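A.B. asks:
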Amino acid sequence: MIDPAPIPDADTPAILNAAEQEQAARFRFEKDARHWMACRTGLKAILADALGTGAGELRLEFEEYGKPFLAAPYAELHFNLSHCHDLALVVLSFDGPVGIDIEPADRGKSLIGCEQVGIIERGRLLRLRRSLRRRLRE
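Going by this note's numbering, the letters in the sequence shown line up with residues 111 to 248, in that order.
1) Enumerate in chain order the residues of its own chain whose CB-to-CB distance from E78 is below 7 angstroms, with the five nearest sequence positions on each side excluded.
2) Hey, which unbroken runs of the beta strand (DSSP E) at 3 residues or more fall wholly within the stretch 156-197?
3) To the nearest angstrom, report how far apart E132 and L170 are at their CA atoms.
4) If you follow the alpha helix (DSSP H) that E130 is in, where does it begin and where does it stop?
5) With a cut-off of 8 angstroms, do at least 3 Cβ pairs link the stretch 145-165 to the stretch 179-188?
6) Report yes if the C-beta distance between I212 and L202 is below 9 angstroms; otherwise report no.
7) From R136 to R144, what does the alpha carbon distance come to, in whole angstroms?
8) Return yes when the Cβ of H188 is within less than 9 angstroms of the Cβ of F204, no when it is not.
9) If you count every other CB in all the chains shown that lies within 10 Å of the CB of K154, and 16 or more means buried, which is it?
10) Please classify G152: is it buried, with 16 or more other beta-carbons within 10 angstroms of its beta-carbon, or exposed?
11) Using a threshold of 9 angstroms, state whether the C-beta atoms of W146 and A165 are closer than that.
12) I'd like to know whether the C-beta atoms of Y184 and L168 end up nearer to each other than 9 angstroms.
13) Nearest to E186 by CA position, among I125, P214, I210, L157, is which residue?
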């Protein structure tokens, strides 16, 4: 999990490349740019730690639909990142592509009817919803 609050601003220029810094500069609001930079810096720090290298050495490339991946020579580490408000979650794997998604708690009800949610996930969402209702009544 990435908490952008404790990532020092001083670390950002050493970790983010010029293209990433330019992307951050395109945000309309300073707070959004700082949040994006902190999350990208945190992501690269997590990836670097798993690979035993410096975060500034890592270069991200992007698939056709925008999903980032690590460029060679670090492409053996697969990862996925999901954002929700002030929370970012990262999953890593050396065994192949991975995926993760976090959504606001109030969106769970609307996800239950989605075709993209499989039978197993639908059952888990329904059980989670029941469990949350029980906890709220206690």
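Glycine included, each C-beta is placed from N, C-alpha and C at the ideal position. It should be emphasised that the depicted structure is a prediction, and the values quoted were computed from it without experimental measurement.
C.D. replies: Let's see:
1) This structure does not reach residue 78, given that the chain is present from 111 up to 248, and the question cannot be answered.
2) The stretch 156-197 contains these whole beta strand (DSSP E) runs: 170-172, 178-180, 188-194.
3) For this step, residue 132 is matched to residue 22 along the sequence shown. For this step, residue 170 is matched to residue 60 along the sequence shown. When rounded, the distance between both Cα atoms is 14 angstroms.
4) The residue labelled residue 130 in the question sits at position 20 within the sequence shown. Note, E130: alpha helix (DSSP H), 128-135.
5) With the cut-off at 8 angstroms, the stretch 145-165 and the stretch 179-188 touch.
6) Start at 1 with the first residue of the sequence shown, and residue 212 comes out as number 102. Start at 1 with the first residue of the sequence shown, and residue 202 comes out as number 92. No, the Cβ-Cβ distance between I212 and L202 is not below 9 angstroms.
7) As a first step, residue 136 is located in the sequence shown; it is residue number 26 there, counting from the start. As a first step, residue 144 is located in the sequence shown; it is residue number 34 there, counting from the start. Taking the straight line from one Cα to the other gives about 11 angstroms.
8) Locating residue 204 in the sequence shown gives position 94, counting from the first residue. Locating residue 188 in the sequence shown gives position 78, counting from the first residue. Yes, Cβ-Cβ distance for F204 and H188 is below 9 angstroms.
9) The residue you call residue 154 lines up with position 44 of the sequence shown. Classification for K154: buried.
10) Here residue 152 corresponds to residue number 42 of the sequence shown, with the count starting at 1. Looking at its Cβ environment, which holds 16 or more other Cβ atoms inside 10 Å, G152 is buried.
11) Counted from its first residue, the sequence shown places residue 146 at position 36. Counted from its first residue, the sequence shown places residue 165 at position 55. No, these two residues do not count as a Cβ contact at 9 angstroms.
12) If you number the sequence shown from 1, residue 184 lands on position 74. If you number the sequence shown from 1, residue 168 lands on position 58. Their beta carbons are under 9 angstroms apart, which means Y184 touches L168 by this criterion.
13) Taking the first residue of the sequence shown as position 1, residue 186 is located at position 76. Nearest option by C-alpha distance: L157.
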